[in-house]
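The structure appears right after this line, and notes come after that.
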Amino acid sequence: PADLDPETFVELLADEDRVEPRDDMPAAYRKTLVRQIAQHAHSEIIGMQPEGNWISRAPSLKRKAILMAKVQDEAGHGLYLYSAAETLGVDRADLIDQLHSGRQKYSSIFNYPTLTWADVGAIGWLVDGAAITNQVPLCRCSYGPYSRAMVRVCKEESFHQRQGFEILWTLSHGSPAQRAMAQDAVDRYWWPSLMMFGPPDDDSPNSAQSMAWGIKRFSNDDLRQRFVDMTVPQSEALGLTLPDPEIRWNDERGHYDFGTIDFTELFEVVKGNGPCNAERMAHKVKAHEDGAWVREAAAAYAAKHAVAEGA
Ligand code: FAQ
5 PADLDPETFV ELLADEDRVE PRDDMPAAYR KTLVRQIAQH AHSEIIGMQP EGNWISRAPS
65 LKRKAILMAK VQDEAGHGLY LYSAAETLGV DRADLIDQLH SGRQKYSSIF NYPTLTWADV
125 GAIGWLVDGA AITNQVPLCR CSYGPYSRAM VRVCKEESFH QRQGFEILWT LSHGSPAQRA
185 MAQDAVDRYW WPSLMMFGPP DDDSPNSAQS MAWGIKRFSN DDLRQRFVDM TVPQSEALGL
245 TLPDPEIRWN DERGHYDFGT IDFTELFEVV KGNGPCNAER MAHKVKAHED GAWVREAAAA
305 YAAKHAVAEG A
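Position in the sequence shown (first residue = 1) + 4 = UniProt numbering.
Structural data, given as structure tokens:
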């Protein structure tokens, strides 16, 4: 497909038509989508690590089975998203290489440690909760393959969020030590979860163009507010406190007010200076290298069958 001039493209989008892989599109639209979809895929794959850390130590067989299924879902989302990116003419191996060499990002949230079992609950409730808030509007993204991928991903994330909420509910209704563990996890995961939505709107270089192109449907700050509005009542149901004394309902705005986010922390974590950045990347690169023989075997098998079919 050819590069389309941006003005004709915006007119075509006005009809709310989906853009499909074979359609002409501006080079910059393609580039933005590759960036966002690849980073989203990388996040799903790196996002397996914090929770994977607890599979061998889950408190019961049932919890272990559920957590294994959740982490496998994340692998599936990552593979699904790499496939969506490949419809734009890029190569998965190249995207993975860009992640490993630090040229492409992944979500800041996965650079925080999972210190206790309650962190698995906090990730499900808050991190998956933030992910759903961000991704439900992406089901209406202008790029067909990405939007369709999001439909299935969001269904699975909703289940993930419920399981996280249920872990925290069980702990918050357990012994004083379990309750304290749940509160501590929420204290540590609350602010980093708010940072998942990205920098504030006036400091978000990609937002205006991505919204004009129908890639993003809402701004970073609007989605963050939506997440706070959804989460405050849920924290009350859990009997846990969100670590922000400024949270209160604002009748005039029809939203919850909340305190100031320390975005220097987000920028530091994105730059590579979060608590677990080095560990996450080292683990990812090693897993990739350890899997080289599987890729080689699969390629040899495919080549053998191609010859057999050609004969
Ligand atoms: N972390 O101009 P903007 C999950 C970067 S959920 C790291 O506002 P944009 C599920 C941004 O890339 C997590 N980097 O950018 C799960 C850009 O840099 P670039 C993944 C961040 O794209 C749950 C620069 O800052 N979800 O994995 C972050 O318009 C539990 C300027 O920012 C998605 O990726 C950050 N938090 O808006 C898995 C959703 N924020 O690329 C396991 C799709 C910003 O120019 C367990 N993505 N940056 O070098 C999006 O909606 C958008 O890309 C945003 C950022 C909203 C993340």
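We put the CB at the ideal spot given by N, CA and C, even for glycine.
Could you give the uninterrupted runs of the alpha helix (DSSP H) lying entirely in the region 237 to 296, keeping only those of 4 residues or more? DSSP runs (the alpha helix (DSSP H)) wholly in the region 237 to 296: 267 to 272 and 281 to 294.
Relative to the C-alpha of lysine 35, which residue among Ile251, Ile219 and Phe169 is closest? Of the listed residues, the one whose Cα sits closest to lysine 35 is Ile219.
CA-CA distance, asparagine 281 and valine 273? Their Cα atoms are separated by approximately 8 Å.
Among residues of its own chain, excluding the 5 on either side of isoleucine 113, which ones have a beta-carbon nearer than 6 Å to its beta-carbon? The answer, listed in chain order, is Val131, Pro196 and Met200.
Assuming tryptophan 194 contacts threonine 118 (C-beta within less than 8 Å), just tell me the rounded distance between them. Separation of the CB atoms of tryptophan 194 and threonine 118 is rounded to 15 Å, and the pair is thereby denied contact status at 8 Å.
Per the contact definition of three or more C-beta pairs closer than 8 Å, is the region 153 to 170 in contact with the region 203 to 210? Judged by Cβ distances under 8 Å, the region 203 to 210 makes no contact with the region 153 to 170, as fewer than three pairs qualify.
Start and end residues, alpha helix (DSSP H) containing isoleucine 49: If you look at isoleucine 49, you'll find it in the alpha helix (DSSP H) that goes 31 to 50.
Check this for me: beta carbons of proline 10 and proline 25, under 7 Å apart or not? Not in contact: proline 10 and proline 25 (Cβ atoms no closer than 7 Å).
Any idea what DSSP makes of valine 23, helix, strand or coil? Three-state DSSP puts valine 23 in a strand.
List the residues that DSSP assigns as beta-bridge partners of tyrosine 147. BP columns for tyrosine 147 point to Val23.
Following the continuous alpha helix (DSSP H) through methionine 215, name the residue where it begins and the one where it ends. First-last of the alpha helix (DSSP H) with methionine 215: 211 to 216.
Go to proline 180, then tell me how far its alpha helix (DSSP H) extends in each direction, as first and last residue. Per DSSP, proline 180 belongs to the alpha helix (DSSP H) from 180 to 199.
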